[in-house]
Amino acid sequence: MKKIQLTKFLAILSAFLLLTACSSDNNASDSANKPVADFSFTNDGSTFTFTNLSTNGTKYRWDFGDLYYVSNEKDPVYTYKIGGEIRVSLTVTNDAGEESFVTKVINAPKIIIVDIKIDGKFADWNDVPVTDENTSGNGSIQKIKIWAGGPNVNVYLEGNKKMLMELVDMYINTDGNTQTGFLHGNWPQGSGAEFLFEGPLVTNGWGSFYNHTDPNGGWGWSAIAGSGSSLTASGIVSLSATTNAIEFSIPKSQLGTLGSSIGIAITEMTSGWAAVANFPEAPKFSTLEL
Ligand SMILES: [Ca+2]
Ligand SMILES: [Ca+2]
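According to mature numbering (1 follows the signal peptide of the UniProt record, and there is no 0), the residues represented by the sequence shown are -28 to -1, 1 to 262, in order.
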C-alpha cells in the first residue's frame, strides 16, 4: 500500500517538474516573440485609415470584411463600396510562424446611389436629404431637394395645391458666393444669383435662362439664346388631395463653372404674372454644398 502511494507521489512529482520545465521554456519564448494583434482606425466618409498597433509581428494580413479585398500592408487605407457594420480582421505573424488575430467592427457610412430621372415618379428621390423646408405652412412650395451628383442639377419640389409652377422667376447662385450676382431683397442674408430662369416650369416652354450682368448686384440680365430647352421638367404631379410635386433638371453646362455650393430661390406666379409665393421663406437661398 505504502509502495503504491510512493510510486503515485513520484509520478505526480515528475509530471509536475516536467510541466514546470516545459512551461518555463514556453514562457521564455512567448514573452520575447509571441505576436499580439491590435489596430485602431479613423475614417473620412467611406475611406478608412487603419493603424497597426500589433507587437512582435513581421507579416500582416488584413481582411476588410467586405468579401472583396485583403491586404498585407502594415497600415492600409481602404475605401468601402458598401456601408453598415463590417467586421475587419487583422492576423499578425512573427518570424517563428506564430499567429495572433483580432477582429473589430467598423461602421461604414451608407452608400447612396442616386439616379434621378425626370419622369414624374419620385421614388428616385427617396435617399436624397431635404435641402430646405417651409416651416410656416404658408406659401405654395413647402419642400425642396437638390441633387447635383451627376451631369445635371436636379430639383424636387413638393408643395400644396397652390403649387402649380405656371410661371417662375428662379434665381440660382452658382458660384457659392452670396455677394456676387443679383442681390435679391427677399433673401437678404444670402442670394447672389448668377442666373435667372424665367418662364413656366415645363419642358420646352417659352422660358429662358438669363446671365446676371449688373456688377452692382442690381436687376440686370441678359437672355441666353436657346437656353429654355435646357430645362427638363416632369410637370406638376398630384400626390394627394393636399400635395403636389414636380421634378426638373438643368445641365450643369448651362450654369457655367459651379463653386462650392448651389443656391436656389423661386418666386412663383400665376400665368397672368400675379404673385403666388416666394420660396424659401428663410432669409437666404436653399443651398446645397457641393
Ligand atoms: Ca423621377
Ligand atoms: Ca453668386
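For each residue, glycine too, the CB sits at the ideal point set by N, CA and C.
Check: Terminal residues of the beta strand (DSSP E) in which Met241 lies; Outcome: Ser233 to Met241
Check: beta-carbon Ile208 near ligand 1 non-hydrogen atom, thresh 7 angstroms; Outcome: no
Check: Distance between beta carbons of Leu173 and Ala197, contact taken as under 8 angstroms; Outcome: That belief does not hold up - the Cβ atoms of Ala197 and Leu173 are roughly 20 angstroms apart, past 8 angstroms.
Check: Ser225 (DSSP reduced to helix, strand or coil); Outcome: helix
Check: Nearest candidate by alpha-carbon position, reference Gly109, set Leu262, Asn126, Ala249 and Ser61; Outcome: Ala249
Check: Secondary structure of Ser194, DSSP reduced to three states; Outcome: strand
Check: Of the residues Thr51, Phe251 and Asn66, the one placed nearest Ser163, counting alpha carbons only; Outcome: Phe251
Check: Segment contact flag, the segment 133 to 142 with the segment 230 to 242, C-beta cutoff 8 angstroms, min 3 pairs; Outcome: yes
Check: Contact test: Lys89 Cβ vs ligand 1 heavy atom, cutoff 7 angstroms; Outcome: yes
Check: As assigned by DSSP and simplified to three states, the class of Ala80; Outcome: strand
Check: Rounded Cβ spacing between Ser232 and Leu262 (contact assumed at less than 8 angstroms); Outcome: 6 angstroms
Check: Asp38 vs Tyr52 beta-carbon contact at 8 angstroms; Outcome: yes
Check: Nearest to Gln226 (by Cα), restricted to the options Ser199, Thr185, Ala247 and Gln151; Outcome: Ser199
Check: Gly228 Cβ short of 7 angstroms to ligand 2 heavy atom set; Outcome: no
Check: Buried versus exposed, by CB contacts within 10 Å (16 or more), Asn106; Outcome: buried
Check: Cut-off 6 angstroms between Cβ atoms - residues of its own chain near Ser72, not counting five sequence neighbours on either side; Outcome: Pro7, Val8, Ala9 and Val64
Check: Beta-carbon proximity of Ile116 to Val125, cut-off 8 angstroms; Outcome: no
Check: Selected residue, minimal CA-CA separation from Leu136, among Thr150, Ser243, Val49 and Asn98; Outcome: Ser243
Check: Heavy atom of ligand 2 within 7 angstroms of Glu166 beta-carbon; Outcome: yes
Check: Identity of the residue in Asp87, Glu253 and Lys224 nearest Asn145 by Cα; Outcome: Lys224
Check: Residues that Val140 bridges to, as DSSP identifies them; Outcome: Gly171 and Glu240
Check: Asn5 in three-state terms, based on DSSP; Outcome: helix
Check: Limits of the beta strand (DSSP E) - the one that Ile90 falls within; Outcome: No beta strand (DSSP E) contains Ile90, which DSSP labels as neither H nor E.
Check: Enclosing beta strand (DSSP E) for Gln114 [first to last residue]; Outcome: Ile113 to Trp119
Check: heavy atom of ligand 1 below 7 angstroms from Asp99 C-beta; Outcome: no
Check: Closer than 7 angstroms: Gly190 CB and nearest ligand 2 heavy atom; Outcome: no
Check: Spatial neighbours of Gly158 in its chain, beta-carbon cut-off 6 angstroms, leaving aside the 5 residues before and after; Outcome: Reading off the sequence, residue 158 comes out as Asn, not Gly. The residues are Asn250.
Check: Three-state class that DSSP yields for residue 276 in the structure shown; Outcome: Residue 276 is absent from the model: the chain starts at -28 and stops at 262.
Check: Burial state of Val60, where buried means 16 or more other Cβ atoms lie within 10 Å; Outcome: buried
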